[in-house]
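The listed protein sequences derive, respectively, from chains Z and W.
Quick note, the first sequence lines up with residues 1 to 307 if you use the numbering used here.
Quick note, the second sequence lines up with residues 1001 to 1261 if you use the numbering used here.
Backbone N, C-alpha and C define an ideal beta-carbon position, used for all residues, glycine too.
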Amino acid sequence: MLKIDHLTKQYGDTLAVDDLHFDVNPGVVTGFLGPNGSGKSTTMRVILGLDHPTKGRATINGVAYRDLKEPLREVGALLDAKSVHPGRTARNHLRALAASNKIKRSRVDDVLEFVGITSVANKKVGGFSLGMSQRLGIAGALLGDPGVLLFDEPVNGLDPEGIRWIREFFRSLANEGRTVFVSSHLMSEMAVSADQIIVIGRGKFITQGSVDELTANAIGTVLVRTSDNTKLTSIIERLNGTVHQAHDRELTVGLLTCDEIGQAAFAAGITVLELTPQRASLEDVFMELTAGAVEFGGGHIETMRHE
Amino acid sequence: MSNEVTLMSVAKSEWIKFRTVRSTNVSVFIFVFLTIGLGVLISWLVRSHYSNMPLAQRLTFDPVSTSLGAIIVAEFAAGVIGAMFISSEYTSGAIRTTLAAVPTRVRLILAKLLVLVVSMIVVSEIVVIATFLIGMRIFSGVVPTVSLGNGSVLRAVLLSGVFLTLLVLFSFALGVILRQSIASISVFVSLLLIVPLLGFFFPQSWQDHFQKFEPINLGGSMMAIIPNPQNFAPWGACAVMAIYVAFLLVLGTTLFSRRDA
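And the structure:
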């Protein structure tokens, strides 16, 4: 089990992680979700003992990373896939890693085979595509057959087939009882690959729960089509609802229920042509939760959707 | 069987890393090639001009230092080997992967040192002995020669190999402190070449006191068989050089342990 205990990390004047406190349990895939620059990678680096926490600590089964006797056998991590000397071959890179933790040489060939890069094992890593580098990073994480696995943005650079492969892979690791902690800024990815999700923004903990729990708590929007949209808009605004002109004749109303909108329209003598509740997606929830916590916000929220 | 990470397991890993990148192999090759190749050239030139040398110069002629004259150039290859062994990990970001596998930072530095000391002392000694022996063959008959059987000659030749190894460690320590290849190598070259040049701007009486502390003069003392009264005695020079290296290594390791990777 991975425990983040009131962790704070400050770089100069920048507070990268602000009093984060949560547990990551074995047997499930835990997603670590937040916009770019929200402190996910910093948290990962502190877990691995690469960066020193300003306050608090991170422990693996009760032990700080730096005190682990056999680190690669306890924790496997993929941070930046390019954190490899470009002039070394994939096999030699893994051999050196294995040797440091007294892992058998045959294991190197096993993990190369498992991630499907045996054919380029003797090629220099510098020539690898991002997808191949990701696979090499995963191979490195698996070398010691660890019980805790950390992946920082593992989906980046993978093709659709690779993405599907990695989702199934996370699932199987969790089913084997391992602790799987995966960060991403892509809510859609987390919705399909994670069981539990921890949401952070600007270094702060926002919420935690299963995908269903997170979406259930959020209020959805209602799609409305009426005979007089202009009139209804002013009524909704008076009721403190939000209105968004979706199409010519459709409105997307937030913060009000179907019942409230229907009754308000009836009272004003407006004919309701359509009234459709729309369930919030994890993406909507994420947007709502992190709206104030986007480090590098675009002019319009649309910019966040495509990666 | 315990699978605990130990100094030896990390040293084994670092040894694999040391010999599996082309930059190290090329640097070591240049180091060997420069010392021997340039040494042969210098010895030939000295042989052909020896008869024209002024008597005063012939009386203080040092066959060991002369045959190993190329060391002054090989020093820079030594600097590249040492600095790159750590700085290339920072440049590529590989240091994070390394530290995730070896979280005890002092152990990582010690393992890297072990690899550098053992490999570079072997390479350096073989190279200086070979260069010296080839030089004596070239000198023979024209220029006075000396033999390794003589105690101070053996000391001079072996200490020149020790000097080169200490330079590799000196530069490695700079790499640990500065974390960038270009910065480390620039500072290394500056300390070796530029600082002595600056010395010339000071009064002669100051120069007499400080010159003997310059790394190049320390190396000169270590490989001389005719002592220069201005400089340290050979073993004294070796000790001063070792103190420099130890100081930089302690500073580097302290910073390395405290800093974020």
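Can you tell which of the options has the C-alpha that lies nearest to the C-alpha of residue i?
i: residue 1003 of chain W; options: W/1114, W/1180, W/1134, W/1101; result: W/1101
i: residue 1023 of chain W; options: W/1041, W/1193, W/1077; result: W/1077
i: residue 37 of chain Z; options: Z/75, Z/129, Z/201; result: Z/201
i: residue 142 of chain Z; options: Z/104, Z/163, Z/242; result: Z/104
i: residue 227 of chain Z; options: Z/269, Z/196, Z/161; result: Z/269
i: residue 1244 of chain W; options: W/1204, W/1192, W/1202, W/1224; result: W/1192
i: residue 96 of chain Z; options: Z/80, Z/113, Z/23, Z/72; result: Z/72
i: residue 1142 of chain W; options: W/1014, W/1005, W/1053, W/1223; result: W/1053
i: residue 274 of chain Z; options: Z/195, Z/150, Z/261; result: Z/261
i: residue 184 of chain Z; options: Z/249, Z/41, Z/87, Z/81; result: Z/41
i: residue 66 of chain Z; options: W/1049, W/1108, W/1084; result: W/1108
i: residue 1044 of chain W; options: W/1138, W/1121, W/1094, W/1152; result: W/1138
i: residue 107 of chain Z; options: Z/24, Z/11, Z/91; result: Z/91
i: residue 1025 of chain W; options: W/1113, W/1123, W/1145; result: W/1123
Going along chain Z in order, which residues have a C-beta closer than 7 angstroms to the C-beta of residue i?
i: residue 1102 of chain W; result: 100
i: residue 1093 of chain W; result: 80, 82, 83
i: residue 1021 of chain W; result: 85, 87, 88
Report the partner residues of residue i according to the DSSP bridge assignment.
i: residue 205 of chain Z; result: Z/200
i: residue 278 of chain Z; result: Z/221
i: residue 58 of chain Z; result: Z/4
i: residue 152 of chain Z; result: Z/183
i: residue 33 of chain Z; result: Z/184, Z/199
i: residue 1050 of chain W; result: In DSSP, residue 1050 of chain W forms no bridge with anything.
i: residue 272 of chain Z; result: Z/226
i: residue 77 of chain Z; result: Z/150
Going along chain W, which residues have a C-beta under 9 angstroms from residue i?
i: residue 50 of chain Z; result: 1095, 1096, 1099, 1100, 1103, 1260, 1261
i: residue 69 of chain Z; result: 1002, 1003, 1004, 1005
i: residue 95 of chain Z; result: 1013, 1016, 1020
i: residue 66 of chain Z; result: 1103, 1104, 1105
So is residue i buried or exposed if we call it buried at 16+ other beta carbons inside 10 Å?
i: residue 175 of chain Z; result: exposed
i: residue 1198 of chain W; result: exposed
i: residue 290 of chain Z; result: buried
i: residue 1140 of chain W; result: exposed
i: residue 325 of chain Z; result: This structure gives no information on residue 325 of chain Z, because the portion of chain Z shown stretches from 1 to 307.
i: residue 9 of chain Z; result: buried
i: residue 1201 of chain W; result: exposed
i: residue 51 of chain Z; result: buried
i: residue 75 of chain Z; result: buried
i: residue 1194 of chain W; result: exposed
i: residue 1247 of chain W; result: exposed
i: residue 190 of chain Z; result: buried
i: residue 1019 of chain W; result: exposed
i: residue 1014 of chain W; result: buried
Using a cut-off of 7 angstroms between C-beta atoms, extract the partners of residue i located in chain W.
i: residue 72 of chain Z; result: 1101
i: residue 239 of chain Z; result: Under the 7 angstroms cutoff, chain W gives no residues; its nearest Cβ is about 51 angstroms from residue 239 of chain Z.
i: residue 156 of chain Z; result: Neighbours of residue 156 of chain Z on chain W: none; closest Cβ ~15 angstroms, over 7 angstroms.
i: residue 92 of chain Z; result: 1016, 1020
i: residue 167 of chain Z; result: Result: empty, since nearest Cβ-Cβ is about 24 angstroms, beyond 7 angstroms.
Between which two residues does the beta strand (DSSP E) containing residue i stretch?
i: residue 244 of chain Z; result: 242–245
i: residue 1090 of chain W; result: First-last for residue 1090 of chain W: 1071–1092, but that is the alpha helix (DSSP H), not the beta strand (DSSP E).
i: residue 1242 of chain W; result: Taken as a continuous stretch (DSSP letters only), residue 1242 of chain W belongs to no beta strand (DSSP E), being part of the alpha helix (DSSP H) at 1234–1258.
i: residue 23 of chain Z; result: 14–24
Could you tell me which chain Z residues have their CB closer than 8 angstroms to the CB of residue i, listed as they occur along the chain?
i: residue 1089 of chain W; result: 85
i: residue 1012 of chain W; result: 99, 100
i: residue 1009 of chain W; result: 99, 100, 101, 102
Within the continuous alpha helix (DSSP H) that includes residue i, where are the two ends?
i: residue 263 of chain Z; result: 258–267
i: residue 162 of chain Z; result: 160–175
i: residue 1210 of chain W; result: 1204–1210
i: residue 1011 of chain W; result: 1007–1019
i: residue 144 of chain Z; result: Element bounds for residue 144 of chain Z: n/a, residue is neither H nor E.
i: residue 315 of chain Z; result: Nothing about residue 315 of chain Z can be reported from this structure: the residues present for chain Z run from 1 to 307 only.
i: residue 1130 of chain W; result: 1105–1139
i: residue 254 of chain Z; result: Where residue 254 of chain Z is concerned, there is no enclosing alpha helix (DSSP H), although the beta strand (DSSP E) it sits in stretches over 251–254.
i: residue 1189 of chain W; result: 1181–1189
i: residue 1156 of chain W; result: 1151–1178
i: residue 1218 of chain W; result: 1215–1222
Can you pull the chain W neighbours of residue i, defined as C-beta to C-beta under 8 angstroms?
i: residue 122 of chain Z; result: None at all; the shortest Cβ gap to chain W is about 11 angstroms.
i: residue 77 of chain Z; result: 1100
i: residue 140 of chain Z; result: 1097
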